[in-house]
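Taking full-length UniProt numbering, the leading residue of the sequence shown gets 1, the next gets one more, and so forth. Even for Gly, the Cβ is constructed at its ideal location relative to N, Cα and C. Below is one structure, written out as structure tokens; the observations come after it.
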Amino acid sequence: MKTDVQIAQEAKMLPIKDIAKDLGISEDEIINYGKYKAKISLDVYKRLKDKKDGKLVLVTAINPTPAGEGKTTTNIGLSMALNKIGKTSISTLREPSLGPSFGVKGGAAGGGYSQVVPMEDINLHFTGDFHAITSAHNLISALLDNHIQQGNELGIDPRRIVWKRVMDMNDRALRHIVIGLGGKPNGMPREDGFDITVASEIMAIFCLSESLEDLKERVANIIVAYKFDGSPVFVKDLKAQGAVALLMKDAVAPNLVQTLENTPAIIHGGPFANIAHGSNSILATKLALKLCDYTVTEAGFGADLGAEKFFDITSRFGGFNPDAAVVVATVRALKHHGGAKKDEYGVENFDYLSKGFENLEKHIENLKKFGVPAIVAINQFPTDTKAELDFVINRCNELGAEAVLSEVWAKGGEGGIELAKKVVEVVEKNEADFRFLYDINETIKEKIEKIAVEVYGADGVEFTSQAMKQIKDIEKLGLDKMPICMAKTQYSLSDDPTLLGRPKNFKITVKEVKISNGAKFLVALTGDIMTMPGLPKVPAANSIDILENGEIVGLF
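So, in structure tokens, the structure goes:
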């Protein structure tokens, strides 16, 4: 079998202006980034804003495992399959971060014969959006430290600066640093640190804003520090929001690319789902809904993180009403959740499969809590036996969820036709009765407890003394009436990554609660979540190269 990058390099791409033309977008309404990438002017949405929206399908998954699930691959394959059966469809995706691309997870452009292209560009610098976000974030950092150096008129307490710097790379050595060393000309010495760009509040704002003006207003309201008297310092106090908006002026336009089968894909924004809200920009999804019959979007990691946040945060701000959700699972991954080791994935074993199925069962139950019908896409592997596949399908049907085999990795859109037909059948029944899990006017503790108990299956929540103090401070500031963005391990429904399947008799421990005032949500940190990942012992970067003839190797 060819590698993903080999398949992508052999793709017969169409000029991006032709992809745009098929969507009813003129050449004057796109900004070309070479022959096969373009940004779509925000004027297109203004032109189409009164047009009725198409249907919205969310692709999510069970908790991720080393066995692989194929969520992005399924998203792309489903979109291509919908186009094959006569429905116009656009895949909307997040942009990959360089950190995972060179670390352990790899890129995020799909796989096999269900990819978006040009894959190498998408997984690397793409159209420069992440560079703009990184620069905008670090501009605020520079202005903040400069203000302190130039007399500190605002009375900023250097011990209470909450705005770290960012870079789009995994670099654990930068988690905790000291800056301003070398004497008075170099600033005031203080502790600082770096987060990865996808964890930046600028990234969250970028994905939740509906216009450049909305972005500017949200940026102005970011809390970056506290004064000696305990009051917050906002970006607007540093007069930075205008310069940030200028740096982001091109980035806010969604990016148009294509799949291996020349169907359109809009890729824009890229917050992680374990430490941020995990879905592509609202602008990209809103635009796609105006341009096609079916928009296929996705949310990061398992449904406990990505889907919950897509429903309670992204859909709340975007005004979305998802029509259906596709939950991606594999027999191999379910066995992993049941306790199987890597060399046992391909061996028929119903004890492992039955135990691991409990993870999928919980995700199906959770989707029902949001009033969204679930379709299970079983990403098929050659080692799966008919009996195992039948077992999963029958168990899903017993739970009231449709289950369909998917072969989009090996066959592209053709391998997803049955899935596409089932999605259309479910959506056209108009069964969705979408609702939020909680009211934002509930207390912070009530909202967190509802997510932990209802979605994760926890017995309750334990708050550290630090978290309790932070909650009281947030309530005093009157900033408690916001959605909750949970920062939690993606590998388990609990906050312990070693508890696989469907854990029982556990509590979630909330260590910190932070304000993302510009993004307009609160972040609850659980477990040992790192906002700056580290590289593995053998990084993917070690195998990545470009040959003299320009051929790229190792990027998948």
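- Query: When the Cα atoms are used, what is the spatial distance from Tyr456 to Gly34?
  - Reply: Straight-line Cα distance between these residues: approximately 45 Å.
- CB-CB under 6 Å to His137, same chain, minus the five flanking residues each way: which ones, in chain order? These residues qualify, in order along the chain: Val166, Ser200 and Ile202.
- Query: At which residues does the beta strand (DSSP E) containing Asn255 begin and terminate?
  - Reply: Taken as a continuous stretch (DSSP letters only), the beta strand (DSSP E) holding Asn255 covers Asn255 to Thr259.
- Query: Can you list, in chain order, the residues of its chain whose CB lies under 6 Å from that of Leu500, leaving out five sequence neighbours each side?
  - Reply: Cβ-Cβ distances below 6 Å link Leu500 to His337 in the same chain, with the five nearest sequence neighbours on each side left out; the list follows chain order.
- Would you check if there are 3 or more beta carbon pairs closer than 8 Å linking the stretch 221–233 to the stretch 142–159? Yes, since at least three Cβ pairs between the stretch 221–233 and the stretch 142–159 fall closer than 8 Å, the two stretches touch.
- Contact under 8 Å by Cβ, Thr197 with Thr263: With contacts defined as CB atoms closer than 8 Å, Thr197 and Thr263 fail to qualify as a contacting pair.
- Meets three-Cβ-pair contact criterion under 8 Å: the stretch 280–289 and the stretch 33–52: Touching, per the Cβ criterion.
- Item | Under 8 Å between C-beta atoms of Asp4 and Gln115 | Between Asp4 and Gln115, the C-beta spacing is below 8 Å.
- Message: With H, G and I counted as helix, E and B as strand and the rest as coil, what does DSSP make of Gln115?
- Response: In the three-state DSSP reduction, Gln115 falls in the strand class (E or B).
- From Ile85, Ile16 and Asp433, residue whose alpha carbon lies closest to that of Lys422: Of the listed residues, the one whose Cα sits closest to Lys422 is Ile85.
- Message: Checking 8 Å against the spacing of the C-beta atoms, do Val296 and Ser91 come in under that value?
- Response: Yes, the pair counts as a contact, with Cβ atoms nearer than the cut-off.
- Quick one: measure Cβ to Cβ for Gly302 and Ile62, integer angstroms, because I've assumed they're closer than 8 Å. Ile62 and Gly302 do touch by the CB rule: their CB atoms are close to 6 Å apart, below 8 Å.
- Three-state secondary structure (DSSP) of Lys386: Three-state result, Lys386: helix.
- Message: What residue range does the beta strand (DSSP E) around Met203 cover?
- Response: Element bounds for Met203: not the beta strand (DSSP E) but the alpha helix (DSSP H), Glu201 to Leu208.
- Distance, Cα to Cα, Val453 vs Lys447? A straight-line Cα-Cα distance of about 10 Å links Val453 and Lys447.
- Query: Which full runs of the beta strand (DSSP E) of 3+ residues lie inside the stretch 4–89, going along the chain?
  - Reply: Qualifying beta strand (DSSP E) stretches, in chain order: 30–32, 38–40 and 55–61.
- Message: Less than 8 Å between the C-beta atoms of Lys511 and Leu525, yes or no?
- Response: Yes, Cβ-Cβ distance for Lys511 and Leu525 is below 8 Å.
- Message: Using only CA atoms, which one of Ile440, Ile275, Ser406 and Asn394 lies nearest to Ala204?
- Response: Of Ile440, Ile275, Ser406 and Asn394, the smallest CA-CA separation from Ala204 is found for Ile275.
- Item | Exposure of Thr60, with buried meaning 16 or more beta-carbon neighbours within 10 Å | Result: buried.
- Item | Cβ-based burial, Thr489 [other Cβ within 10 Å; buried from 16] | Looking at its Cβ environment, which holds 16 or more other Cβ atoms inside 10 Å, Thr489 is buried.
- Task: Check Asp157 in the structure and name its three-state DSSP category.
- Result: Asp157 sits in a strand when the DSSP states are folded into three classes.
- Message: In the DSSP output, what is Gly460 paired with across the bridge?
- Response: For Gly460, which the question treats as bridged, DSSP gives the partners Lys507.
- Can you tell me whether Ser211 is buried or exposed, with buried defined as 16 or more other CB within 10 angstroms of its CB? Around the beta carbon of Ser211, fewer than 16 other beta carbons lie within 10 angstroms, which makes this residue exposed.
- Item | Buried/exposed call for residue 563, threshold 16 Cβ in 10 Å | Residue 563 cannot be examined here, being either before or after the span of the chain that is shown, 1 to 556.
- Starting from the Cα of Asn542, find the closest Cα among Leu23, Leu555 and Gly70 and give me that residue. Taking Asn542 as reference, the option from Leu23, Leu555 and Gly70 with the minimal CA-CA separation is Leu555.
- Would Ala467 pass as a contact of Val523 if the rule is Cβ separation under 8 Å? For Ala467 and Val523, no; Cβs fall outside 8 Å.
- Query: Between which two residues does the alpha helix (DSSP H) containing Ile140 stretch?
  - Reply: Per DSSP, Ile140 belongs to the alpha helix (DSSP H) from Asp129 to Gln149.
- Task: Indicate whether the contact test is met: 3 or more Cβ pairs, each with one atom in the stretch 339–357 and one in the stretch 378–396, closer than 8 Å.
- Result: At 8 Å Cβ cutoff, the stretches touch.
- If I'm right that Phe206 touches Asn221 with Cβ under 8 Å, what's the distance once you round it to whole angstroms? Between Asn221 and Phe206 the Cβ distance is about 15 Å, and since that is not below 8 Å, they are no contact.
- Task: Give the straight-line distance between the Cα atoms of Lys386 and Glu431, rounded to the nearest whole angstrom.
- Result: If I take the Cα positions, the gap works out to 30 Å.
- Report the rounded CA-to-CA distance for Glu29 versus Pro254, giving the unit in angstroms. Those two C-alpha atoms are separated by around 12 Å.
- Taking Cβ positions, are Glu414 and Leu405 nearer each other than 8 Å? No; because the gap between Cβ atoms is not below 8 Å, this pair is not in contact.
- Query: If you compare alpha carbons, which of Thr65, Asp145, Arg94 and Ile40 is closest to Phe130?
  - Reply: Among Thr65, Asp145, Arg94 and Ile40, the Cα nearest to that of Phe130 is on Arg94.
- Query: By the 10 Å Cβ neighbour count, where 16 or more other Cβ atoms means buried, how is Glu407 classified, buried or exposed?
  - Reply: By the C-beta density criterion, Glu407 is buried, having at least 16 other C-beta atoms within 10 angstroms.
- Nearest-angstrom Cα distance between Glu308 and Pro271? Straight-line measurement puts the Cα of Pro271 at about 15 Å from the Cα of Glu308.
- If I'm right that Ala108 touches Pro118 with Cβ under 8 Å, what's the distance once you round it to whole angstroms? Taking a contact as a CB-CB distance under 8 Å, the pair Ala108 and Pro118 does not count as one, their CB atoms being some 14 Å apart.
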